[in-house]
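Student:
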Amino acid sequence: MAKDFNISDWARLEMLSLSPYTSARDTFTATEGEWTFLDANENPNASGVNRYPDPNQSKLKKRIAALRACDENQLLIGNGSDEILDLIFRAFCTPYKDEIIIMPPTYGMYKVLANINSVALVEVPLDKDFHLQTDKILASVTPNTKALMFCSPNNPSGNAFKKEAIQQLLDNFNGLVVIDEAYIDFCDFSSWSATLRTYPNLIVTQTLSKAFGMAGLRLGIAIASPEIISLLKRIKPPYNINTLSQEKAMQTLSDTAAVKSQIEESKSERNRLKKALASLSWVEKIYPSDANFLLVRVDDASKRYAELLAKNMVTRDRSSQENCKNCIRISIGTPKENNQFITACKSL
Ligand SMILES: *Cc1c(COP(=O)(O)O)cnc(C)c1O
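Letter by letter, the sequence shown follows residues 1 to 348 in the numbering used here.
1. Considering E83, what are the terminal residues of the alpha helix (DSSP H) in which it resides?
2. Taking 7 Å as the line, does the beta carbon of N155 fall inside it for any heavy atom of ligand 1?
3. Mind listing, in chain order, the continuous alpha helix (DSSP H) runs of no fewer than 4 residues lying wholly within the region 164–192?
4. Taking buried to mean at least 16 other C-beta atoms within 10 Å of its own C-beta, is I116 buried or exposed?
5. Report the option in I229, N292, K285 whose CA atom is closest to the CA atom of K210.
6. Given 7 Å as the limit, tell me if Y305 has its C-beta closer than that to any heavy atom belonging to ligand 1.
7. Closest to I88 by C-alpha separation, out of L121, R12, Y21, A139, would be which residue?
8. From which residue to which residue does the alpha helix (DSSP H) around S8 run?
9. Entirely within the region 193–280 and at least 3 residues each: give me those beta strand (DSSP E) ranges in chain order.
10. Here's the rule: buried if 16 or more other CB atoms are within 10 angstroms of the residue's CB, otherwise exposed. What is L309?
11. Does F173 pass the burial test, meaning 16 or more other C-beta atoms within 10 Å, or should it be called exposed?
12. Given a threshold of 16 other Cβ atoms within 10 Å of its Cβ, counted over all protein chains shown, does Q246 qualify as buried or as exposed?
13. Straight-line CA distance for I228 to F5?
14. When you compare each of F161, S190, D185, L148 to N201 by their alpha carbons, which one comes out closest?
15. Would DSSP call S152 helix, strand or coil?
16. Would you grab the beta carbon distance between F150 and I100 for me? Rounded to a whole angstrom, and I think it's under 8 Å.
17. Taking the C-alpha atoms as reference points, what is the distance between S152 and K146?
18. Does the distance from the CB of K243 to the CB of P53 come in under 8 Å?
19. Go through the residues and name those whose CB comes closer than 6 Å to any heavy atom of ligand 1, in chain order.
20. DSSP three-state call for A69: helix, strand or coil?
21. Report the residue from A46, N73, A182, V178 whose alpha carbon sits nearest the alpha carbon of L60.
22. Would you give the residue range spanned by the alpha helix (DSSP H) that R297 belongs to?
23. Based on DSSP bridge pairs, tell me the residues matched to T145.
24. Among all the DSSP beta bridges, which residues are the ones paired with C327?
25. Which runs of the beta strand (DSSP E), 3 residues or longer, sit entirely within the region 113–142?
26. Is the beta carbon of V298 less than 8 Å from the beta carbon of N326?
27. Pop quiz: A65 and A40 are said to be a contact at Cβ under 8 Å. What is the actual Cβ separation, rounded to whole angstroms?
This is the structure in structure tokens:
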């Protein structure tokens, strides 16, 4: 049975009653045919980008909806998932009053966005194996808790959280559960978006920045109920996705075979890198990964980081994160890059 979720109990009243900016391209959308556009004060000389972009990203949305098996009205496209997360804060969290719960070590943007939006942050750390402490999370909920926000697979640890744990949170928390699935394509679990009918309080965010290889375009997506999507759409900047990004994404997504084989390669390279690292004396632990990176605990992270840097290898020292002392995060490169990395590691 579907959970009860009434958006007006959770969204900020001023956002629900906001009348959004209507752009020229909102009031008239051309389909087929020849039109003369004298409505938006653009330069009329064609250059490929002289017109404002489609504020609804209709073509791209249709393509992504097919790819992610959801309806177009369940989909929002953002200027990176960072913009989408920011919209969620602005739509649902009243500054100086509401709070959200995050589970460190986690993606750094949640804290930054909470701070920017003056929303209090409650931190319930993952356990030492980087799994959710569901009872502690639920015990930390207060009347001002608007959202639980986490990524699965998790950054920086790499693991996906257990299905039962996420389900327990969805079943027992009535506010928003935001699951950031930036790395979903590298893992063997399917997206939580398949459970949206049961959990209307769920927002799944994904991105074209990782598996799809378009980090430079800045394209993130939210999959949620049509009610939540329509609220987020009302507050988004009208032209948040530029024309070139929409066109390039359409082009890349017209044939996903290349992306699929890159994902497979990344997964097999992940295993290869894991084996190579396991044989090194200074590597103490390699955490299980469902993503395109490995978190590795070494004897001395700042030393190994510097040594690798001296060999032109850039990794990320995550030592400052909760439970990540002496941990380095390593993204999976191309087979050639990984060979170079393994050679560099062996020479330390
Ligand atoms: C990389 C990453 C993102 C990506 O954000 P974009 O703004 O879409 O590039 C989101 N969440 C997590 C956990 C990430 O690691």
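For glycine and all other residues, C-beta sits at the position ideal for the given N, C-alpha and C.
Tutor: Once the coordinates are examined:
1. The count along the sequence shown starts at 1 and reaches residue 83 at position 83. Start and end: 80–92.
2. As a working note, residue 155 is residue 155 in the sequence shown. Checking every heavy atom of ligand 1 against the Cβ of N155, one is found closer than 7 Å.
3. none
4. On the sequence shown, position 116 is the one that residue 116 refers to. So I116 ends up on the exposed side.
5. Numbered from 1 along the sequence shown, position 210 holds the residue referred to as residue 210. Among I229, N292, K285, the Cα nearest to that of K210 is on N292.
6. Here residue 305 corresponds to residue number 305 of the sequence shown, with the count starting at 1. No, ligand 1 has no heavy atom inside 7 Å of this Cβ.
7. Within the sequence shown, residue 88 is the residue found at index 88, counting from 1. Ranking L121, R12, Y21, A139 by Cα distance to I88 puts R12 first.
8. Residue numbering aside, residue 8 sits at position 8 when the sequence shown is read from its first letter. Looking at the DSSP string, the run of the alpha helix (DSSP H) that includes S8 is 7–10.
9. 202–207, 220–223
10. The sequence position of residue 309 within the sequence shown is 309, counting from 1. Exposed, because fewer than 16 other Cβ atoms sit within 10 Å of the Cβ of L309.
11. For the purposes of this step, residue 173 is taken as the residue at position 173 of the sequence shown. That one is buried.
12. In the sequence shown, counting from the first residue as 1, residue 246 sits at position 246. Buried.
13. For the purposes of this step, residue 228 is taken as the residue at position 228 of the sequence shown. For the purposes of this step, residue 5 is taken as the residue at position 5 of the sequence shown. Those two C-alpha atoms are separated by around 11 Å.
14. Start at 1 with the first residue of the sequence shown, and residue 201 comes out as number 201. Selected option, being the one with the closest Cα: L148.
15. As a working note, residue 152 is residue 152 in the sequence shown. Here S152 sits in coil by DSSP.
16. Numbered from its first residue, the sequence shown carries residue 150 at position 150. Numbered from its first residue, the sequence shown carries residue 100 at position 100. With a Cβ gap of about 10 Å, F150 and I100 do not count as contacting.
17. Against the sequence shown, residue 152 aligns to sequence position 152. Against the sequence shown, residue 146 aligns to sequence position 146. Each residue's alpha carbon lies about 19 Å from the other.
18. One-based indexing of the sequence shown puts residue 243 at position 243. One-based indexing of the sequence shown puts residue 53 at position 53. The question names Lys, but residue 243 in the sequence shown is Thr. A contact, by the Cβ cut-off of 8 Å.
19. G80, S81, D82, Y107, C151, N155, D180, A182, T207, S209, K210, A215, G220
20. As a first step, residue 69 is located in the sequence shown; it is residue number 69 there, counting from the start. Here A69 sits in coil by DSSP.
21. Translated into the one-based positions of the sequence shown, residue 60 becomes position 60. Checking every option, the nearest Cα to that of L60 belongs to N73.
22. As a first step, residue 297 is located in the sequence shown; it is residue number 297 there, counting from the start. Counting along the chain, R297 falls outside any alpha helix (DSSP H), though it belongs to the beta strand (DSSP E) covering 293–298.
23. In the sequence shown, the residue the question calls residue 145 occupies position 145. Partner(s): E99.
24. Here residue 327 is taken as the residue at index 327 of the sequence shown, counted from 1. C327 is bridged to R297.
25. 120–123
26. Walking along the sequence shown from the start, residue 298 turns up at place 298. Walking along the sequence shown from the start, residue 326 turns up at place 326. Yes. Within cutoff.
27. In the sequence shown, the residue the question calls residue 65 occupies position 65. In the sequence shown, the residue the question calls residue 40 occupies position 40. Contact doesn't hold; Cβ gap of about 27 Å is too wide.
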